[in-house]
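Asks: The following block contains the structure, expressed as structure tokens.
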Amino acid sequence: MHIFSIVLQSVLAIGFLMFGLSKFGSKQMVDEFKRYKLSSAMRIFTGLVEVIAAAIIFIGIWNDAYAVVGGVLMAVTMFFAVLVHLVRVKDPAAKAMMPIILFVLALVVICLNWNSL
Numbered sequence: 001m002h003i004f005s006i007v008l009q010s011v012l013a014i015g016f017l018m019f020g021l022s023k024f025g026s027k028q029m030v031d032e033f034k035r036y037k038l039s040s041a042m043r044i045f046t047g048l049v050e051v052i053a054a055a056i057i058f059i060g061i062w063n064d065a066y067a068v069v070g071g072v073l074m075a076v077t078m079f080f081a082v083l084v085h086l087v088r089v090k091d092p093a094a095k096a097m098m099p100i101i102l103f104v105l106a107l108v109v110i111c112l113n114w115n116s117l
């Protein structure tokens with residue numbers, strides 16, 4: 001299972017790094033956050049949280065406790081992303097699938113590494 005966790009953590013780290021960095025100025029992200037009725041400060045904060053979570057879960061490859069912390073940070077972030085899509089802007093469920101999948105993958109990382117705490 002350790003190899004599976006490492007692969008999953010690597011995928012999440014790369015994804016969250018890319019998603020987080022895009023929030024610092026990508027026109028698409030600026031437009032999306034306007035559609036969500038969220039401020040630029042919230043967009044930057046979200047990007048920062050995602051980049052930090054990516055770094056923590058990457059460190060978790062060598063220290064399982066960090067994998068749990070990074071997974072929790074990612075899961076919480078994705079939980080709120082799902083709420084924004086489904087509740088705040090009432091997107092169809094298909095638009096919330098990426099955050100739902102990332103939420104589940106973060107939970108898997110937490111479960112795989114929980115015993116390290």
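At position 16 of the sequence shown the residue is numbered 16 (UniProt numbering), and the sequence of numbers has no breaks.
Backbone N, C-alpha and C fix where the C-beta goes; we use that ideal spot for every residue, glycine too.
(1) Can you check whether the CB of Met29 is closer than 8 Å to the CB of Ala53?
(2) Taking Ile44 as the reference, give the member of Lys23, Pro92 and His85 with the closest Cα.
(3) Which term fits Ile101, buried or exposed, when burial requires 16 or more other beta carbons within 10 angstroms of its beta carbon?
(4) With a 10 Å radius around its C-beta and 16 neighbouring C-beta atoms as the bar for buried, classify Ser39 as buried or exposed.
(5) If you check the beta carbons only, do Leu12 and Val109 fall under 8 Å apart?
(6) Cβ of Glu50 within 8 Å of Cβ of Gly25?
(7) Cutting at 6 Å between CB atoms, please list the residues of its own chain near Ala64, excluding the five before and the five after it.
(8) Report the three-state DSSP secondary structure of Ser39 (helix, strand or coil).
(9) Do you know offhand how far Lys93's Cα is from Ser10's?
(10) To which residues of the same chain is Phe79 closer than 7 Å at the C-beta, ignoring the five residues directly before and after it?
(11) Short of 6 Å in beta carbon distance, which residues of its chain neighbour His85, apart from the five on each side in sequence? Order them along the chain.
(12) For the alpha helix (DSSP H) containing Gly70, list its first residue and its last residue.
Replies: Reading it off the structure:
(1) Residue mapping note: residue 53 aligns to position 53 of the sequence shown, counting from 1. Residue mapping note: residue 29 aligns to position 29 of the sequence shown, counting from 1. No. Outside cutoff.
(2) Working through the sequence shown from its first residue, we reach residue 44 at position 44. Among Lys23, Pro92 and His85, the Cα nearest to that of Ile44 belongs to Lys23.
(3) Sequence index remark: in the sequence shown, residue 101 carries index 101 (1-based). By the 10 Å Cβ count, Ile101 comes out exposed.
(4) For this step, residue 39 is matched to residue 39 along the sequence shown. Exposed.
(5) In the sequence shown, counting from the first residue as 1, residue 12 sits at position 12. In the sequence shown, counting from the first residue as 1, residue 109 sits at position 109. In this structure, Val109 lies closer than 8 Å to Leu12 by Cβ.
(6) As a position in the sequence shown, residue 50 is number 50, starting the count at 1. As a position in the sequence shown, residue 25 is number 25, starting the count at 1. No, Cβ-Cβ distance for Glu50 and Gly25 is not below 8 Å.
(7) As a working mapping, residue 64 is identified with position 64 in the sequence shown. Reading the sequence as shown, one finds Asp at residue 64 and not Ala. Asn113 and Ser116.
(8) Counted from its first residue, the sequence shown places residue 39 at position 39. Residue state, collapsed to three classes: coil.
(9) Walking along the sequence shown from the start, residue 93 turns up at place 93. Walking along the sequence shown from the start, residue 10 turns up at place 10. The question names Lys, yet the displayed sequence has Ala at residue 93. Rounded to whole angstroms, Ala93 to Ser10 spans 27 Å at the Cα level.
(10) Mapped onto the sequence shown, residue 79 falls at position 79. Around Phe79: Phe103.
(11) Reading the sequence shown from its first residue, position 85 is the one you call residue 85. Excluding sequence neighbours, His85 sits near Asp91, Lys95 and Ala96.
(12) Here residue 70 refers to the residue found at position 70 of the sequence shown. Where Gly70 is concerned, the enclosing alpha helix (DSSP H) stretches over Asp64 to Leu83.
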